[in-house]
Amino acid sequence: MPPQFALAVPLLAAAVAPNALAQRSPTEAVPDTIEARVQACIGCHGAQGQGVENVYFPRLAGKPAGYLYNQLVAFRDGRRKYVPMNYLLAYLPDPYLSRMAAYFAALNPPYPGGAGAGDKAPPPALVEEGRRLASEGVPAARVPPCMACHGTALNGREPGIPGLLGLRADYVSAQLGAWRYGVRTALAPDCMQFVASSLTEHQVEAVSAFLAAQPVPPKLRPAPADQKALPLECGSQQGRIQ
Amino acid sequence: MRRVLAAVLVLALLGVGALLLWQRAPLRSGGPVAGNGQVERGRYLAQAGDCIACHTVPGEAIFSGNRPMPTPFGTLYSPNITPDDETGIGKWTADEFYQMMHTGRGRDGKLLYPAMPFASYTKVTRADSDAIFAYLRSVPPVRRNSRGHDLRFPYNNRALLIGWRTLYFQEGEYQPDPGKSAEWNRGAYLVQGLGHCAMCHTPINALGGSSPARAFQGGLIPMQHWYAPSLTSNRESGLGEWSEQDIADLLQAGISSRATVYGPMAEVTYNSLQYMNDADARAMAVYLKSLPNTDPPDSAPALAPVRADTEQMYSDGKRLYGEHCANCHGAEGQGKPPHYPPLAGNRSIGMVSAVNPIRMVLNGGYPPGTRRNPMPYGMPPFAQFMTDAEIAAIVTYIRTAWGNPGAPVDVREVGALRAATVE
Numbered sequence: 011m012p013p014q015f016a017l018a019v020p021l022l023a024a025a026v027a028p029n030a031l032a033q034r035s036p037t038e039a040v041p042d043t044i045e046a047r048v049q050a051c052i053g054c055h056g057a058q059g060q061g062v063e064n065v066y067f068p069r070l071a072g073k074p075a076g077y078l079y080n081q082l083v084a085f086r087d088g089r090r091k092y093v094p095m096n097y098l099l100a101y102l103p104d105p106y107l108s109r110m111a112a113y114f115a116a117l118n119p120p121y122p123g124g125a126g127a128g129d130k131a132p133p134p135a136l137v138e139e140g141r142r143l144a145s146e147g148v149p150a151a152r153v154p155p156c157m158a159c160h161g162t163a164l165n166g167r168e169p170g171i172p173g174l175l176g177l178r179a180d181y182v183s184a185q186l187g188a189w190r191y192g193v194r195t196a197l198a199p200d201c202m203q204f205v206a207s208s209l210t211e212h213q214v215e216a217v218s219a220f221l222a223a224q225p226v227p228p229k230l231r232p233a234p235a236d237q238k239a240l241p242l243e244c245g246s247q248q249g250r251i252q
Numbered sequence: 012m013r014r015v016l017a018a019v020l021v022l023a024l025l026g027v028g029a030l031l032l033w034q035r036a037p038l039r040s041g042g043p044v045a046g047n048g049q050v051e052r053g054r055y056l057a058q059a060g061d062c063i064a065c066h067t068v069p070g071e072a073i074f075s076g077n078r079p080m081p082t083p084f085g086t087l088y089s090p091n092i093t094p095d096d097e098t099g100i101g102k103w104t105a106d107e108f109y110q111m112m113h114t115g116r117g118r119d120g121k122l123l124y125p126a127m128p129f130a131s132y133t134k135v136t137r138a139d140s141d142a143i144f145a146y147l148r149s150v151p152p153v154r155r156n157s158r159g160h161d162l163r164f165p166y167n168n169r170a171l172l173i174g175w176r177t178l179y180f181q182e183g184e185y186q187p188d189p190g191k192s193a194e195w196n197r198g199a200y201l202v203q204g205l206g207h208c209a210m211c212h213t214p215i216n217a218l219g220g221s222s223p224a225r226a227f228q229g230g231l232i233p234m235q236h237w238y239a240p241s242l243t244s245n246r247e248s249g250l251g252e253w254s255e256q257d258i259a260d261l262l263q264a265g266i267s268s269r270a271t272v273y274g275p276m277a278e279v280t281y282n283s284l285q286y287m288n289d290a291d292a293r294a295m296a297v298y299l300k301s302l303p304n305t306d307p308p309d310s311a312p313a314l315a316p317v318r319a320d321t322e323q324m325y326s327d328g329k330r331l332y333g334e335h336c337a338n339c340h341g342a343e344g345q346g347k348p349p350h351y352p353p354l355a356g357n358r359s360i361g362m363v364s365a366v367n368p369i370r371m372v373l374n375g376g377y378p379p380g381t382r383r384n385p386m387p388y389g390m391p392p393f394a395q396f397m398t399d400a401e402i403a404a405i406v407t408y409i410r411t412a413w414g415n416p417g418a419p420v421d422v423r424e425v426g427a428l429r430a431a432t433v434e
């Protein structure tokens, strides 16, 4: 396990450290928990990190802790651009972001109403094309299939590869677009930047439609980390020493 | 080879103690000869000066520069100040560095733009300047060309800076006031010098100058859409009524029983003030507390005429406050200090400018994670869930309830800040 992610595990188990600054009004004590500290997150991401109605506020619960940590750091440092998140995280240190990531990674509330509930059903031919892209990739452009890294069940893999189910089509296609145009970047080498900028807009639409149309099995969890080689070099899965 | 010889010579002079330190922290290439104690002191002073905030892009090599700084006159880019010979300060001498800090002129004699706070840094002593220089020379050199500034005409003409300097720049090291304690003088030296607090807490005029006559009287920070409160008005953040401990807590920890830092001040706390030792934090508190209250004797705010729509806003605000805010900030605005700040009697709520309370409701925020408060509690943003009218109602309520002295808020001000900070 890369050192960065090795850190997160004991942190998850550890109790919250006592606060350095004494509370002056003991009758009105604020709970000394991570849960109380992430109240700023749940308005948009749900009380259990399950996501909300808004397509662009994704589920956090159950994603690999390393993936969540990488996103928090990327938002803080401006490598992934979304003004409200960049602002909220700007002055939070790495160990705290690691605790936040571990907290949401350990939650596992049910998926609300299945993926894409309320979205219009996409044309079957588009979904079928998406299925082919997700399972076969685009050999001519040397783009590996989604399943090569994110798993045949698309459940992701510890420590850094997220599952792709339970996301809505507009969110997936917005992320691929953000990668292509440099609004979202991952740790170098940024494999998804290569993937996203190698796909046509139509292919992005197809793969997004396919992913959003898949049912989410109950108890979907990311696969454990292993040493299996990836088809592309990915900084996110290698981690880095903080 | 010459460097090694020089190092050996100086180490012989400094003795065995220095030799041991040198073995633990070998000189990096390009570094000048400096005792390890001086480098450590320089690191501390560079933190006091918050050099990192402008000279480092978050996540990139320290002091490698090129951080964009938007100003009303165009975008400035901070230079690379790592000890690289070609693109950094590798060829500078300690003399040249002191001259730059002291006079606001670059090594080549060019006038610096006052985004570099030389009007404050001129107060830094030669010994402290040398220590900062020694520290900067100890960080890894990075080869990275500094990007040119992108300023609009006529501000791209450095000759204009001569006029600016005549108006706003007074060269000279800090002169201790013999009538004050050593602690007060230390605080004044840090606040006026390296801390460069006046850059934000003194009103900025159309020329980008801070008038010494209005020092620490507060001001809107250009481009950042935050208001830096007056440090001299007891109606704003004048600290006359605060205990020294509360002031030191706010500076070092970012939270206190009276208030919490957010926005640009959170950045200052995160990068700089959290590292101040207890003695220096207390010295700054002693000095800040002594600043004169500049409020005129009769400074109760002009009460806005009560209109029907103000009363409606107040009652809407009261209802919304009960639903969304009271759980943390208390039914009577008493908060749960230090983690959930009080709103009753919190002067950043009732200041003349309503920018900060509106932004807090729109954007929420985390105080900085600091050594004394490594895992701060966060306030959720409400921009995504509330209309401008609802936010105006809540802010009107908290500015006028519980004896708070603020005026009602116009819904258009909320809309303008939403456009500037969310979308």
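Read top to bottom, the protein sequences are chains A and B.
In terms of the numbering used here, the first sequence opens at residue 11 and continues consecutively.
In terms of the numbering used here, the second sequence opens at residue 12 and continues consecutively.
For every residue, glycine included, the Cβ atom is placed at its ideal position computed from N, Cα and C.
Since the model is a prediction, treat every value here as computed from it, not as a measurement.
Starting from residue i and walking both ways along the beta strand (DSSP E), at which residues does that stretch end?
i	result
residue 185(B)	Premise fails: residue 185(B) is in no beta strand (DSSP E) and is neither H nor E.
residue 87(B)	85-88
Helix, strand or coil: how does DSSP classify residue i here?
i	result
residue 234(B)	coil
residue 347(B)	strand
residue 381(B)	coil
residue 191(A)	coil
residue 432(B)	helix
residue 67(B)	coil
residue 81(B)	strand
residue 122(B)	strand
residue 291(B)	helix
residue 266(B)	strand
residue 198(A)	coil
residue 257(B)	helix
residue 239(B)	strand
residue 423(B)	helix
Considering only C-alpha positions, which residue in the set the options is nearest to residue i?
i	options	result
residue 375(B)	367(B), 323(B) and 382(B)	367(B)
residue 84(B)	65(B), 234(B) and 328(B)	234(B)
residue 213(B)	226(B), 160(B) and 330(B)	226(B)
residue 69(B)	119(A), 103(A), 51(A) and 168(A)	103(A)
residue 76(A)	52(A), 212(A) and 109(A)	109(A)
residue 1(A)	67(B), 107(B) and 395(B)	Not covered by the structure: residue 1(A). The range shown for chain A is 11 to 252.
residue 230(A)	120(A), 46(A), 41(A) and 44(A)	120(A)
residue 272(B)	360(B), 198(B) and 303(B)	360(B)
residue 390(B)	39(A), 51(A) and 40(A)	51(A)
residue 199(A)	248(A), 220(A) and 218(A)	248(A)
residue 243(A)	171(A), 42(A) and 180(A)	171(A)
residue 322(B)	403(B), 90(B) and 208(B)	403(B)
residue 169(B)	72(B), 115(B), 268(B) and 136(B)	115(B)
residue 152(B)	434(B), 381(B), 342(B) and 97(B)	97(B)
Taking the alpha helix (DSSP H) that residue i belongs to, which residues open and close that run?
i	result
residue 407(B)	399-411
residue 390(B)	No alpha helix (DSSP H) contains residue 390(B), which DSSP labels as neither H nor E.
residue 324(B)	319-335
residue 280(B)	274-282
residue 373(B)	366-374
residue 68(A)	From DSSP, residue 68(A) is part of no alpha helix (DSSP H); its letter is neither H nor E.
residue 159(A)	156-160
Spatial neighbours of residue i within its chain, please: CB distance less than 8 angstroms, with the 5 preceding and 5 following residues excluded, ordered by chain position.
i	result
residue 232(B)	211, 215, 238, 239 and 275
residue 406(B)	328, 365, 368, 369, 372, 420 and 425
residue 36(A)	Low local confidence applies: a pLDDT of 48 at residue 36(A) is under 50, so the model's placement there is unreliable, with the coordinate-based value given in what follows. So no residue of the chain qualifies.
residue 176(A)	61, 69, 121, 125, 226 and 230
residue 337(B)	none
residue 173(B)	122
Less than 6 angstroms between C-beta atoms, sequence neighbours within five positions excluded: which residues of the same chain meet that for residue i?
i	result
residue 54(A)	67
residue 240(A)	159
residue 91(A)	193
residue 207(A)	190
residue 186(A)	206 and 214
residue 197(A)	245 and 246
residue 54(B)	146
residue 49(B)	142 and 145
Whose C-beta lies closer than 7 angstroms to the C-beta of residue i among residues of the same chain, with five residues either side of it excluded?
i	result
residue 392(B)	373, 374 and 375
residue 357(B)	270
residue 320(B)	none
residue 277(B)	265, 378 and 379
residue 340(B)	346, 351 and 354
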